[in-house]
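Asker: In the working numbering, the protein residues as written are 32 to 195.
#1: Pick from 68, 143, 37 and 89: whose alpha carbon is nearest that of residue 127?
#2: What's the gap between the Cα of residue 114 and the Cα of residue 129?
#3: Quick check: what's the CA-CA separation for residue 57 versus residue 85?
#4: Need the endpoints of the alpha helix (DSSP H) that residue 51 sits in, please.
#5: So, residue 48 versus residue 119, is the Cβ gap smaller than 8 Å?
#6: For the 8 Å Cβ check, are there 3 or more pairs between the region 79-96 and the region 136-148?
#7: If you draw a straight line from the C-alpha of residue 32 to the C-alpha of residue 174, how long is it?
#8: Given this structure, state the Cα-to-Cα distance separating residue 74 from residue 34, to the nearest angstrom.
#9: Quick check on the burial criterion: 16 or more other C-beta atoms within 10 angstroms. Buried or exposed for residue 121?
#10: Is the separation between the beta-carbon of residue 104 and that of residue 78 shorter than 8 Å?
#11: When the Cα atoms are used, what is the spatial distance from residue 98 to residue 107?
#12: Tell me the DSSP secondary structure of residue 139 in three-state form.
#13: What does the Cβ neighbour count give for residue 43, buried or exposed, with the cut at 16 atoms within 10 Å?
#14: Looking at the structure shown, is residue 147 part of a helix, part of a strand, or coil, going by DSSP?
#15: Can you tell me where the alpha helix (DSSP H) holding residue 97 begins and where it ends?
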C-alpha cells in the first residue's frame, strides 16, 4: 500500500514544484535546471559508482563482508535513476543519496530493520564436494529432422540461407 501511495505522491509533488519554480523563474530557466541536474548528477554518479566498485573489489579481495559496498552501489544506481528522472524532488533525493554519509545512514537504518539469518564467506563456510563425474551424461544421438523441401521453385538453386 505504501508503494502505491509513493507512486501517487511523488508525481504530485513534482508537478507542484514545477508549477512553483516555473512561476517564479520562468519556463526556460526551469527546463535548463532540470537538464543541468541530470548532466551533473550523471557525472557525480559515475565518480561515486567507481569508488563503490573499488570498495567492493577491495572487500572481495580481503574476504570481508561485501554487504555494505553492495548496498552503497545499489543506492548509487537508484540515485542515478532518480537524477535522470525530470523533477526537483527526485533530484533532491538523488543528490542526497550521492552523499556517503546519507548512504551510510540509510544503510544503517535498513540494516537495523533487516534480519540476516546466516552469512559465511571463505574456507570456514559449508563445503560441498564437487564430483565432476556426476555431471557427465553419456549418450548417442541420431538426427531425425525431416528433410525440408522448398515451397517455391528456385531459379538459381538454393539461396544458402535455408536448409533444403
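Where is the CB? At the ideal position from N, CA and C, for every residue including glycine.
Answerer: So, from the listed chains and residues:
#1: If you number the chain shown from 1, residue 127 lands on position 96. Of the listed residues, the one whose Cα sits closest to residue 127 is 68.
#2: Here residue 114 refers to the residue found at position 83 of the chain shown. Here residue 129 refers to the residue found at position 98 of the chain shown. So the alpha carbons of these two residues sit roughly 10 Å apart.
#3: Along the chain shown, one-based indexing puts residue 57 at 26. Along the chain shown, one-based indexing puts residue 85 at 54. Going by C-alpha positions, residue 57 is about 42 Å away from residue 85.
#4: Residue numbering aside, residue 51 sits at position 20 when the chain shown is read from its first letter. Taken as a continuous stretch (DSSP letters only), the alpha helix (DSSP H) holding residue 51 covers 33-56.
#5: Position 17 of the chain shown, counted from the start, is the residue given in the question as residue 48. Position 88 of the chain shown, counted from the start, is the residue given in the question as residue 119. Their beta carbons are under 8 Å apart, which means residue 48 touches residue 119 by this criterion.
#6: No contact exists between the region 79-96 and the region 136-148.
#7: Reading the chain shown from its first residue, position 1 is the one you call residue 32. Reading the chain shown from its first residue, position 143 is the one you call residue 174. Cα-Cα distance, rounded: 55 Å.
#8: In the chain shown, residue 74 corresponds to position 43, counting from 1. In the chain shown, residue 34 corresponds to position 3, counting from 1. When rounded, the distance between both Cα atoms is 29 Å.
#9: Here residue 121 is taken as the residue at index 90 of the chain shown, counted from 1. Its Cβ being crowded by 16 or more others within 10 Å, residue 121 is buried.
#10: As a position in the chain shown, residue 104 is number 73, starting the count at 1. As a position in the chain shown, residue 78 is number 47, starting the count at 1. The Cβ atoms of residue 104 and residue 78 do not sit closer than 8 Å to each other.
#11: As a first step, residue 98 is located in the chain shown; it is residue number 67 there, counting from the start. As a first step, residue 107 is located in the chain shown; it is residue number 76 there, counting from the start. Cα-Cα distance, rounded: 14 Å.
#12: By 1-based counting over the chain shown, the position of residue 139 is 108. Reduced to three states, the DSSP call for residue 139 is helix.
#13: Locating residue 43 in the chain shown gives position 12, counting from the first residue. Residue 43 should be labelled exposed.
#14: As a position in the chain shown, residue 147 is number 116, starting the count at 1. Of the three classes helix, strand and coil, the one that applies to residue 147 here is coil, per DSSP.
#15: Along the chain shown, read from residue 1 onward, the residue named residue 97 stands at position 66. For residue 97, no alpha helix (DSSP H) run applies, since DSSP gives it neither H nor E.
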